[in-house]
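Number of protein chains: 2
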Amino acid sequence: MAKNRQIIIYGVALAFLIFLLKWLEMRFIIIDNQLELYAGLIAVIFTALGIWLALKLRKPKIHTVIVEKEVFASPNGDFTINQDELRKLNLSKRELEVLQLMAEGLSNQEIAEKLFVSLNTIKTHSAQIFEKMEVKRRTQAVEMAKRLSLIP
Amino acid sequence: MAKNRQIIIYGVALAFLIFLLKWLEMRFIIIDNQLELYAGLIAVIFTALGIWLALKLRKPKIHTVIVEKEVFASPNGDFTINQDELRKLNLSKRELEVLQLMAEGLSNQEIAEKLFVSLNTIKTHSAQIFEKMEVKRRTQAVEMAKRLSLIP
DNA sequence: GATAAAATCACCCTAAAGTATGACTGTAAA
DNA sequence: TTTACAGTCATACTTTAGGGTGATTTTATC
Numbered sequence: 033m034a035k036n037r038q039i040i041i042y043g044v045a046l047a048f049l050i051f052l053l054k055w056l057e058m059r060f061i062i063i064d065n066q067l068e069l070y071a072g073l074i075a076v077i078f079t080a081l082g083i084w085l086a087l088k089l090r091k092p093k094i095h096t097v098i099v100e101k102e103v104f105a106s107p108n109g110d111f112t113i114n115q116d117e118l119r120k121l122n123l124s125k126r127e128l129e130v131l132q133l134m135a136e137g138l139s140n141q142e143i144a145e146k147l148f149v150s151l152n153t154i155k156t157h158s159a160q161i162f163e164k165m166e167v168k169r170r171t172q173a174v175e176m177a178k179r180l181s182l183i184p
Numbered sequence: 033m034a035k036n037r038q039i040i041i042y043g044v045a046l047a048f049l050i051f052l053l054k055w056l057e058m059r060f061i062i063i064d065n066q067l068e069l070y071a072g073l074i075a076v077i078f079t080a081l082g083i084w085l086a087l088k089l090r091k092p093k094i095h096t097v098i099v100e101k102e103v104f105a106s107p108n109g110d111f112t113i114n115q116d117e118l119r120k121l122n123l124s125k126r127e128l129e130v131l132q133l134m135a136e137g138l139s140n141q142e143i144a145e146k147l148f149v150s151l152n153t154i155k156t157h158s159a160q161i162f163e164k165m166e167v168k169r170r171t172q173a174v175e176m177a178k179r180l181s182l183i184p
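So the protein lines, in turn, are chains B and D. If you use this note's numbering, the first sequence closes out at 184, no skipped numbers anywhere. If you use this note's numbering, the second sequence closes out at 184, no skipped numbers anywhere.
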């Protein structure tokens with residue numbers, strides 16, 4: 033089959049390599065090499081057998097059936113910020129504000145414009161946020177904030 | 033680099049096998065009356081090699097079946113993915129996978145390592161995701177995904 | 001077997017994010 | 001009034017994200 037091209041190519045390459053090896057040995061070492069040829073042949077044959085076995089015994093494709101008919105409960109509209117966690121993290125008011133805007137997917141530039149401050153200020157705030165929350169990226173900060181109910 | 037990984041693996045494997053073969057030959061010279069054992073060993077090793085190769089190259093991808101049965105007003109606790117929205121966005125399985133890892137706050141590099149593919153592949157996927165979701169940034173994609181219940 | 005979609009990867013380049021450091025100001029607490 | 005801190009901003013630098021393009025290979029489907 034054409035779709036197993038890679039396997040066939042590798043198999044042929046392996047066979048070729050082994051035969052090349054044997055040929056080289058025959059060229060320079062004048063000994064009884066029948067045995068080595070025999071071994072090489074076995075190797076090639078059983079490699080092929082292994083490939084064949086694996087392909088043959090492979091599990092058939094799983095048919096995916098997606099059943100629908102779902103009824104969703106409307107998410108509770110009441111959100112209360114977790115003051116405990118907020119205090120633990122020791123985030124300032126401004127930092128929480130920046131964090132919320134981050135969670136809305138705004139860029140630092142957009143946050144800066146929204147809060148009427150400079151981009152550098154937002155960078156400083158975000159760096160502070162990441163340090164306090166012990167995360168490395170804004171996405172992690174947002175994930176954590178949602179998990180801790182610091183943000184809806 | 034990811035592009036050289038397979039080549040390195042094959043090279044090392046091949047080198048190891050040849051070395052093993054030589055070692056077996058040396059052993060055989062000493063114990064020269066066990067031809068069957070020698071041949072058998074080679075057969076087993078190379079059958080295993082063949083199976084390993086086939087499995088490695090064929091990448092037996094398991095379809096992640098998401099069967100969804102009539103859920104009545106699921107309360108807070110378990111999460112059911114919104115198949116309708118998912119179909120509307122036309123996100124592929126892989127793209128959804130990447131999106132989920134994004135939502136966990138992983139960087140593209142980390143996602144690449146987790147999924148055993150290259151960074152460029154993840155970039156391509158994420159670009160596709162942003163285009164399909166009509167967003168500009170990963171944070172927006174995550175926000176939207178959570179809002180649409182594509183992600184817990 | 002042809003075809004389409006999905007997945008993979010590369011290269012180049014720009015934009016955005018993040019790090020590190022230092023500095024200035026206003027306010028509130030000690 | 002000194003101290004501490006929040007908030008502001010800057011400059012320089014590194015890293016990560018994202019855009020655009022093109023290509024190959026798998027996989028599914030007709």
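Even for Gly, the Cβ is constructed at its ideal location relative to N, Cα and C.
- prompt: What are the boundary residues of the alpha helix (DSSP H) that includes I113(B)?
  reply: By one-based count along the first sequence, residue 113(B) stands at place 81. Unbroken run through I113(B): none, as it is neither H nor E.
query: Where V167(D) and V174(D) are concerned, what is the direct C-alpha to C-alpha distance, given to the nearest angstrom?
result: For the purposes of this step, residue 167(D) is taken as residue 135 along the second sequence, with counting starting at 1. For the purposes of this step, residue 174(D) is taken as residue 142 along the second sequence, with counting starting at 1. C-alpha separation (whole angstroms): 10 Å.
message: Tell me which residue opens and which closes the alpha helix (DSSP H) that N140(D) is part of.
response: Working through the second sequence from its first residue, we reach residue 140(D) at position 108. 140-147 is the extent of the alpha helix (DSSP H) around N140(D).
message: If we define contact as Cβ-Cβ less than 8 Å, is V149(B) a contact residue for chain D?
response: Stepping through the first sequence from its first residue, residue 149(B) is reached at position 117. It does not: the Cβ of V149(B) has no partner Cβ on chain D nearer than 8 Å.
message: Let's test the definition: count the other Cβ atoms within 10 Å of the Cβ of L52(D) and tell me whether it reaches 16, buried, or not, exposed.
response: Here residue 52(D) is taken as the residue at index 20 of the second sequence, counted from 1. Exposed is the call here.
query: Alpha carbon to alpha carbon, how far is R119(B) from L182(B)?
result: By 1-based counting over the first sequence, the position of residue 119(B) is 87. By 1-based counting over the first sequence, the position of residue 182(B) is 150. Roughly 10 Å between the two C-alpha positions.
task: Please list, in chain order, all residues of the same chain as L131(D) whose beta carbon is under 8 Å from its beta carbon, the five residues on each side excluded.
output: Along the second sequence, one-based indexing puts residue 131(D) at 99. So the qualifying residues of the chain are L123, I161, A173, V174, A177, L182, I183.
- request: With DSSP as the reference, label S124(B) as helix, strand or coil.
  value: Along the first sequence, read from residue 1 onward, the residue named residue 124(B) stands at position 92. S124(B): coil per DSSP, three-state reduction.
- prompt: Is V52(D) helix, strand or coil when you go by DSSP?
  reply: What you label residue 52(D) is simply residue 20 of the second sequence in a count that begins at 1. Just to set this straight, residue 52(D) is Leu in the shown sequence, not Val. It is helical.
field: Closest residue to M134(B) among R169(D), L180(D), W55(D) (Cα-Cα distance)
entry: Taking the first residue of the first sequence as 1, we reach residue 134(B) at position 102. Per the Cα distances, R169(D).
query: Taking 8 Å as the CB-CB cut-off, is V130(D) touching chain B?
result: Start at 1 with the first residue of the second sequence, and residue 130(D) comes out as number 98. No, no contact with chain B.
- prompt: What residues from chain D crowd round E170(B), counting only those whose CB sits closer than 7 Å?
  reply: As a working note, residue 170(B) is residue 138 in the first sequence. Reading off the sequence, residue 170(B) comes out as Arg, not Glu. Residues of chain D passing the Cβ test: T171.
field: Through-space distance from I113(D) to A159(B), alpha-carbon basis
entry: Translated into the one-based positions of the first sequence, residue 159(B) becomes position 127. Translated into the one-based positions of the second sequence, residue 113(D) becomes position 81. For A159(B) and I113(D), the distance between alpha carbons rounds to 34 Å.
query: What separation, rounded to the nearest whole angstrom, lies between the Cα atoms of E136(D) and F148(B)?
result: Taking the first residue of the second sequence as 1, we reach residue 136(D) at position 104. Taking the first residue of the first sequence as 1, we reach residue 148(B) at position 116. Straight-line Cα distance between these residues: approximately 30 Å.
message: Under DSSP, the alpha helix (DSSP H) around K164(D) begins and ends at which residues?
response: The residue you call residue 164(D) lines up with position 132 of the second sequence. Looking at the DSSP string, the run of the alpha helix (DSSP H) that includes K164(D) is 151-165.
- request: Can you pull the chain B residues whose beta carbon is under 7 Å from the beta carbon of S139(D), in chain order?
  value: Along the second sequence, one-based indexing puts residue 139(D) at 107. Within 7 Å Cβ-Cβ: R169.
message: Assuming R170(B) is part of the alpha helix (DSSP H), what are its boundary residues?
response: Your numbering for residue 170(B) matches position 138 in the first sequence. Note, R170(B): alpha helix (DSSP H), 170-179.
Reference R126(D); option with closest CA among A144(D), S139(D), W55(D): Walking along the second sequence from the start, residue 126(D) turns up at place 94. Ranking A144(D), S139(D), W55(D) by Cα distance to R126(D) puts A144(D) first.
query: If you measure from the beta carbon of M165(B) to each beta carbon in chain D, is any gap under 8 Å?
result: Reading the first sequence from its first residue, position 133 is the one you call residue 165(B). Not closer than 8 Å to any Cβ of chain D, the Cβ of M165(B) fails to qualify, so no.
query: What's the C-alpha gap between T153(D) and L128(D)?
result: The count along the second sequence starts at 1 and reaches residue 153(D) at position 121. The count along the second sequence starts at 1 and reaches residue 128(D) at position 96. Their Cα atoms are separated by approximately 14 Å.
message: Given a cut-off of 8 Å on the beta-carbon distance, is the pair K164(B) and N140(B) in contact?
response: By 1-based counting over the first sequence, the position of residue 164(B) is 132. By 1-based counting over the first sequence, the position of residue 140(B) is 108. Cβ distance not < 8 Å, so K164(B) and N140(B) don't count as in contact.
query: A135(B) versus chain D: which residues are under 8 Å apart at the beta carbon?
result: Residue 135(B) sits at position 103 when you count from the first residue of the first sequence. Under the 8 Å cutoff, chain D gives T171, E175.
Secondary structure of L136(D), DSSP reduced to three states: Stepping through the second sequence from its first residue, residue 136(D) is reached at position 104. Before going further, note that residue 136(D) is Glu rather than Leu in the sequence given. Residue state, collapsed to three classes: coil.
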